[in-house]
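Undergrad:
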Amino acid sequence: MKLLDVDGVGKDFRGLRALSEVGFEVEPGEILGIIGPNGAGKTTLFNVISGAIAPDSGRVVFGRKDVTGAAPHRIARAGMVRTFQLMRPFGSMSVLENVGLAAQHRRQPLRKLRGEAMDVVERVGLGPWAHRPATELPTAGLKRLELARALAMRPKVLLLDEVLAGLVPAEREPVLDLLAALREEDGTTLLFIEHIMAAVMRLSDRVLVLDQGQVLATGSAEQVTSDPRVIEAYLGEEPGDAED
Amino acid sequence: MSDITANFRAAALSGPLLKRAALTGGLVAIAIVAALLRSGSGLVVWQSVVTGLLTGGLYGLIAMGLTLIFGVLDIVNFAHGALLAVAMFISFGVVQGTGLHPYLTLVIAVPALFLIGAVVHRGLLSGSGGATLENQLLITLGLSLLLENGLLMFFGAEPKTVALPGDFQFSLFGAVVTGGRLYAFGGAILIGAVLFYLLRRTRFGTAIRAVAANGQGAELVGVNVRRVHTLTFAIGTACAGAAAVLAAPLVTVTPTLGDQFNITAFVVVVLGGMGNVAGALVGGLLIGLVEQLTTIYMGGQSSLLGVFVVFLVVLFLRPEGLFGRKS
Amino acid sequence: MSARKLVAGLGACAALLAATAGCGGSAPSGAAGAAAGRDSGPVRIGALHPVSGANAVDGQQMRRGAQMAVDAINAAGGITSLGGRKVKLETGDTQGKAEVGQSEAQRLISEGSVGLVGTYQSAVSTNVAVVAERNRVPFVMDVTASDAIFAHGYKYAFRVQPGSAAIAGAAARYLKEVSEKAGKPVKKVAFLHEQTDFGAGAAEAFAKAAKKLGIQVGPNISYDAVTASDLTAQITQVKASGADVLAVAGYYRDGLLAAKAINAVKPNLNAVWGVSDGAFDQPKFVSDVGALGERYFSTNYHYDAKNPETVKLRAEYQKRYGAPMRTGAVLAYDAVQVIAQGVERAASTDPKKVRAAIAASQVRPLTVGTGPIAFAANGDNKNALPVLMQVQNGQIKQVYPQDKAESQPNYSVTWRP
Amino acid sequence: MSGLTIAGGREAGGAVRPAKAPPLRPQNRQLAVLAVLLVVAIPLPLVLPPAMGAVAVRILIFLLMAIGWNVMSGFGGMFSFGHAAFFGLGAYTSAYLLVKHNVSPWIGMLAGMAVAAVVAVVISYFAFRYRLRGAYFALATFAFAEMLRLVATTSDFTNKAVGFSVPLIQGSSLWKIQFAADSPAYFWVALALAGIAALVSILFLHSRTGRYVTAIRDDEVAAAALGTPVMRYKLATVALSAAITAVAGAFYTQYYLFVNPDLAFGSSVSIQAIATVVIGGIGTVWGPVVGAIILGSLSDLTATLLRTPPDFLNFLQGRSGLDVALYAVLLILIVRVLPKGIVGTIQARWRR
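Chains as they are written, first to last, in UniProt numbering: chain A, 1 to 244; chain B, 1 to 327; chain C, 1 to 417; chain D, 1 to 352.
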């Protein structure tokens with residue numbers, strides 16, 4: 001049984017083709033890496049899946065529900081939650097309040113929600129910062145906050161947009177551990193956009209390559225990285241881009 | 001942030017712009033025909049159209065400075081009307097004191113307003129205190145209250161008039177046109193052309209457009225953004241100065257006179273697309289027409305009502321303005 | 001944000017607050033104090049006018065008019081029935097705002113005023129009338145056009161000037177009589193008015209009166225006085241309608257616009273007829289528009305130019321303040337006289353007794369009237385008389401009715417033979 | 001999951017202070033302060049000189065307006081330049097029901113709140129639907145309030161420019177909110193209304209809804225991605241804000257016993273609401289209180305000064321416009337020197 005079915009999705013921006021006939025399926029518990037050169041339409045794809053923008057054509061089915069063009073908050077509450085590449089903390093709130101907001105849609109006593117939020121904060125390692133304003137966090141902390149907020153939603157599917165970008169290698173490892181643990185312990189399905197190939201190789205069950213708004217290839221990490229079309233697509237990319 | 005460069009590209013009469021202009025023209029034509037049916041008198045409608053266009057030129061003139069400030073600095077300048085009033089009192093004062101021809105007071109009012117604009121921007125609006133929308137709004141609102149009441153304290157509340165020597169009038173196919181209004185209309189077009197030239201053909205204009213399009217980028221290529229901002233604001237208020245001198249003989253000069261023009265000017269700015277000088281002129285003409293036609297359609301209602309209806313429709317359907325480009 | 005700036009900012013605020021509290025502390029004390037204040041010292045009369053804001057010139061004129069009345073009373077020995085107690089004018093500034101007028105009225109009453117005069121603007125008078133009614137202190141309006149105030153059954157509200165409907169009715173009557181006398185009987189009147197209750201109310205009352213007299217009224221053209229910057233199209237509408245008289249009810253600023261537009265369009269009229277218009281009977285109008293205003297008529301309340309006392313008063317005003325005394329100031333003078341003579345008759349400073357005395361009073365006015373100021377049951381001056389004026393050779397002359405006329409009406413316009 | 005340590009310990013880990021929750025939850029602290037303020041305020045009319053009574057009531061009306069505006073534009077971040085619309089709807093609804101149908105102003109007040117809330121929701125729905133933001137949203141609200149003013153000026157339904165005068169009754173009546181002219185009851189009624197409004201705004205800020213609203217203000221897209229129904233909560237905020245502002249309008253009518261289009265819908269009403277909050281501190285709980293006290297007493301202060309000016313100010317006597325000029329200077333100064341307002345600036349320093 002597939003959990004997410006993206007079928008023939010297309011999107012134009014003022015005549016510019018951002019996505020064209022993009023289709024793939026994701027099984028429950030799967031980890032799907034999404035790679036592609038800059039401007040390939042990866043973030044646009046996330047925007048469409050998460051409801052931030054409506055596609056011009058095609059559909060997105062989550063579980064048994066057609067969520068094409070549904071409001072973002074409905075999709076999020078249904079269990080498909082995204083993070084943002086550029087961090088978007090709620091600036092006037094503390095770290096704990098940021099996370100608590102995500103937990104809040106479950107109609108439970110505030111005290112209980114607060115406890116749960118604190119657990120998530122601890123889990124991503126932001127415990128000492130819990131009561132500090134979110135704006136005081138350094139980049140790495142903000143990345144974790146993005147993750148923590150998404151986790152507090154208790155997602156079935158997590159859409160991660162470059163959670164590792166901007167982190168030094170020593171900071172990446174624990175995040176990768178956490179993501180692996182998420183699937184092991186909670187059975188969370190992951191879709192993640194990533195430039196850092198080492199992370200893609202390590203985590204993904206399957207990799208999807210986007211180029212110029214189209215699916216160029218899918219398969220295991222080894223398969224796609226040896227695909228000549230994929231290599232061609234990446235030619236001309238600045239080398240620094242793949243390794244931050 | 002508006003995109004002045006885009007507006008100027010648009011001014012090169014691109015396809016969709018032509019289509020929109022045609023659509024707007026069509027709507028205006030329908031509105032005029034409807035007015036004709038409503039009023040039943042060709043003369044009245046014709047006079048309304050002529051008056052609307054002449055008054056609209058004045059609105060366009062006032063809105064040009066505002067749109068420049070709005071477009072380049074992203075400041076909603078609620079003091080524009082009060083600055084207009086200041087310039088009118090300068091004009092009035094000079095005419096009273098020296099007996100100069102009212103139009104000659106341009107040489108005093110325009111530089112004076114340019115200086116006031118520069119001082120206001122440097123002193124009140126640049127820097128962190130003038131950063132957010134609500135702060136800009138309140139500073140300019142406060143400034144307008146201050147200027148209006150300053151004028152009130154200095155000149156008193158009694159309305160003042162500026163007489164235009166040698167004013168004439170003639171009949172244009174039955175509609176009356178007075179010289180003063182015609183001069184103001186011509187002045188609007190002339191000043192619009194000067195601004196257009198300044199922005200398009202001079203190095204300084206290029207800098208303004210660069211700052212409007214991307215302040216940080218302009219800074220990187222060596223443009224002094226703060227200076228450009230100050231000068232743009234000063235030019236914008238100088239436009240108000242010119243508009244004031246041309247308009248002074250047509251109105252009764254009171255300290256609070258700017259308010260009525262301010263509201264209309266904002267509508268014109270949004271209608272024309274912010275930062276778009278040519279758009280402001282066309283928007284002004286449209287609003288002038290809307291005002292006059294409103295009084296024909298809805299007798300007993302304020303002409304402003306029609307203006308606001310058009311304003312809200314434009315805000316909702318084309319917030320970038322009739323002649324702006326979607327951002 | 002530097003600490004210094006913060007301290008400076010907060011310090012400024014604190015100073016303001018302290019100053020405010022200080023002012024409050026020095027304010028006079030309330031109702032008990034008011035009664036005591038009335039019983040001793042001078043008899044206080046409160047004058048509420050807009051001495052700041054857009055109507056400050058008129059407001060100041062009226063305050064001075066009221067002051068001159070007080071001076072005259074004191075010069076004549078004060079209130080004789082109270083053993084020659086002097087009268088004192090307590091002033092308040094409404095700023096032209098209704099809520100300010102209300103709080104100022106309350107203050108003047110708390111300070112012991114036996115009566116109030118004011119306020120020039122109908123909206124402000126409406127508010128002050130409520131305060132007066134609730135405090136049971138007589139309020140004698142000098143200038144207040146709106147008739148709505150007198151429909152509430154207030155007992156403490158009086159008015160010296162003729163009301164809006166009275167002026168409009170007189171305007172219609174005078175128009176019929178003057179036009180017939182001139183051999184050009186009026187057929188159709190176009191009415192141009194500003195759109196609030198002032199202009200619209202005048203137009204409505206005029207149309208009603210005109211209908212009874214068999215005069216056709218139409219079209220009825222309104223405009224927004226706040227935003228209007230050109231009335232050419234409206235005057236063109238008048239021209240297209242074929243009306244032979246244009247009646248106008250507006251404020252000063254738009255009156256100038258109307259004059260310019262009339263001059264531009266030159267409709268086929270026999271007369272331009274102001275109906276309680278704010279411009280056409282002002283000396284400033286004549287100097288502002290020059291020849292354009294020549295032969296304009298205006299029906300309005302007016303100081304009695306044929307009364308020698310009025311002439312003397314206006315000369316005195318001119319001497320003291322260096323400006324011609326306007327009708328509003330003369331009305332304020334009358335209004336103060338009404339209260340002072342009420343106190344005289346009542347021989348008391350109890351506002352309730354003063355009110356009763358005013359209701360029964362007969363005061364000779366310096367403004368035009370058919371007789372002494374005497375109030376109808378609703379508080380309106382029964383004998384107020386609107387008068388017809390005309391701009392003649394750059395002068396504003398009373399021209400009708402006959403016994404108030406300084407010169408004869410010239411029923412024509414300058415641009416037509 | 002303690003396998004993870006705080007990332008980038010070099011740069012920040014050492015700087016983290018012990019993370020303790022504040023001893024008293026902000027909500028309880030604010031409620032306690034409110035209670036103290038109310039207790040202090042209750043005897044004021046008995047202590048203050050009577051001339052100050054009108055000023056005190058005016059301050060409370062300012063406060064109601066400011067709290068209403070602050071909910072939408074401070075807490076919610078939707079900058080309204082047209083709150084006169086809601087003030088006016090409250091004033092006119094209650095005045096209309098009272099004058100035409102002799103309905104108690106209390107019920108008129110509730111009706112006014114409902115009308116204002118519904119109108120606010122409809123208008124805002126369109127504004128949000130068409131993604132009006134910042135200056136455009138402000139101008140749209142301004143235009144809407146002006147349209148209401150113009151319509152009220154020319155409609156028979158609203159008695160045109162004349163407006164409504166509240167009919168006077170004999171004696172006092174709480175049911176009709178009418179008391180003797182200088183009765184302290186006006187102050188107490190206004191204080192109760194303002195107290196309730198402040199209470200509601202505090203509870204709202206700390207409720208689930210309030211948190212959603214804060215999140216939406218900080219980052220609408222992120223809030224939506226975390227399951228926040230953005231439109232619904234924005235509209236709820238707007239409705240609450242409009243309802244509180246309508247209370248101010250309805251009480252205004254009862255206190256001044258008169259309302260007309262300019263008093264109700266004029267742009268100066270909107271400016272009053274904004275200026276009060278901005279001077280006090282936008283988005284803060286106590287900003288409206290501080291702002292209302294300053295602005296509510298300002299015009300009285302200048303008027304008193306001018307009536308009996310000290311010698312060095314003698315030249316100002318008879319000059320008009322000083323109070324507004326002073327108000328303008330104060331406004332500009334505070335915005336320039338204390339851009340976060342008085343309370344906002346104090347709070348910011350307190351935290352540091």
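For every residue, glycine included, the Cβ atom is placed at its ideal position computed from N, Cα and C.
#1: Is there a C-beta anywhere in chain D that falls below 8 Å from the one on Glu116(A)?
#2: Would you list, in sequence order, the uninterrupted alpha helix (DSSP H) runs of no fewer than 4 residues that lie entirely inside the region 218-252 of chain D?
#3: Thinking just about the alpha-carbon of each residue, which of Ala84(D), Pro45(D) and Ala41(D) is nearest to the one in Ile274(D)?
#4: Tell me which same chain residues have a C-beta within less than 8 Å of the C-beta of Gly65(B), skipping the five on either side of it?
#5: Near Ile4(B), which residues of its chain fall below 8 Å by C-beta distance, leaving aside the five closest residues on each side in sequence?
#6: Any idea which residues DSSP pairs Tyr400(C) with across the strands?
#7: Leaving out five residues before and five after Gly41(C) in sequence, what residues of the same chain have Cβ atoms less than 6 Å from its Cβ?
#8: Can you name, in chain order, every residue of its own chain whose Cβ lies under 6 Å from the Cβ of Ile262(C), other than the five neighbours on each side?
#9: Could you tell me which of Gly69(A), Val157(A), Thr43(A) and Ser204(A) sits nearest to Thr189(A), measuring between CA atoms?
#10: In whole angstroms, what is the alpha-carbon distance linking Gly205(B) and Phe196(B)?
#11: Relative to chain C, which residues along the region 47-65 of chain D have a C-beta separation below 8 Å, given in chain order?
#12: Going by the CB atoms, is the gap between Gly219(A) and Val200(A) shorter than 8 Å?
#13: Kindly indicate the opening and closing residues of the alpha helix (DSSP H) around Ser201(D).
#14: Considering only C-alpha positions, which residue in the set Phe192(A), Asp211(A) and Ala152(A) is nearest to Asp205(A)?
#15: Only counting the same chain, and skipping five residues up and downstream in sequence, which positions put a Cβ closer than 7 Å to that of Thr232(C)?
#16: Per DSSP, Gln157(C) is paired with what?
#17: Can you give me, in chain order, the residues of the region 152-168 of chain D that have a beta carbon less than 9 Å from any beta carbon in chain C?
#18: In three-state terms, what does DSSP make of His80(B)?
#19: Thinking just about the alpha-carbon of each residue, which of Ser81(C), Ala225(C) and Pro372(C) is nearest to the one in Ala384(C)?
#20: Quick one: give me the first and last residue of the alpha helix (DSSP H) that Asn220(C) is part of.
#21: Can you tell me where the alpha helix (DSSP H) holding Gly255(C) begins and where it ends?
#22: Kindly give me the distance between the Cβ atoms of Thr295(B) and Tyr223(C), rounded to whole angstroms, as I take these residues to be in contact under 8 Å.
#23: Which residues in the same chain as Leu261(B) place their Cβ atom closer than 7 Å to its Cβ, once the five residues preceding and following it in sequence are excluded?
#24: Check whether the region 172-186 of chain D and the region 131-149 of chain C are in contact - that is, three or more C-beta pairs closer than 8 Å.
#25: Quick one: Cα of Ala35(B) to Cα of Gly266(D), how far?
#26: Checking 8 Å against the spacing of the C-beta atoms, do Ala172(C) and Ala210(C) come in under that value?
#27: Put Pro133(A) into one of helix, strand or coil per three-state DSSP.
#28: For Thr237(D), which residues in chain A fall below 7 Å Cβ to Cβ?
#29: CA-CA distance, Phe375(C) and Val238(C)?
#30: Is the separation between the beta-carbon of Ile167(C) and that of Thr299(C) shorter than 8 Å?
#31: Helix, strand or coil: which one does DSSP assign to Met80(A)?
#32: Label Thr43(A) either buried or exposed according to how many other C-beta atoms from any shown protein chain fall within 10 Å of its C-beta, with 16 as the threshold for buried.
#33: For the alpha helix (DSSP H) holding Glu122(A), just list the boundary residues, first then last.
#34: In whole angstroms, what separates the C-alpha of Leu4(A) from that of Arg74(A)?
#35: What residues in its chain sit with their C-beta under 8 Å from that of Asn307(C), if we drop five residues either side in the sequence?
#36: Here's the rule I'm using: 16 or more other beta-carbon atoms within 10 Å means buried, otherwise exposed. How should residue 370(B) be labelled?
TA: Well, looking at it:
#1: no
#2: 220-225
#3: Ala84(D)
#4: His80, Ile235, Gly236, Thr237, Ala238, Cys239, Ala240 and Ala243
#5: Annotation note: pLDDT 46 at Ile4(B) (below 50); position unreliable, coordinate value reported separately. Same-chain partners within the cutoff: Gly71, Val72, Leu199, Ile208, Arg209, Ala212, Ala213, Gly275 and Asn276.
#6: Leu388(C)
#7: none
#8: Ile235
#9: Val157(A)
#10: 9 Å
#11: Leu48, Pro49, Pro50, Ala51, Met52, Ala54, Val55 and Arg58
#12: no
#13: Pro184 to His206
#14: Phe192(A)
#15: Ala261, Ala264 and Val265
#16: The sequence given here places Ala at residue 157(C); Gln does not occur at that position. In the DSSP output, where bridge partners are listed per residue, Ala157(C) has Phe139(C).
#17: Thr153, Thr154, Asn159, Lys160, Ala161, Val162, Gly163, Ser165, Val166, Pro167 and Leu168
#18: helix
#19: Pro372(C)
#20: First-last for Asn220(C): Gln216 to Tyr223, but that is the beta strand (DSSP E), not the alpha helix (DSSP H).
#21: Tyr252 to Val265
#22: 7 Å
#23: Rather than Leu, the amino acid found at residue 261(B) in this sequence is Phe. Excluding positions up to five away in sequence, the list reads Ile62, Gly81 and Leu84.
#24: yes
#25: 30 Å
#26: yes
#27: strand
#28: By Cβ distance, chain A contributes nothing, its closest Cβ being about 15 Å from Thr237(D), past 7 Å.
#29: 39 Å
#30: yes
#31: strand
#32: buried
#33: Leu110 to Arg123
#34: 15 Å
#35: Leu366
#36: Nothing about residue 370(B) can be reported from this structure: the residues present for chain B run from 1 to 327 only.
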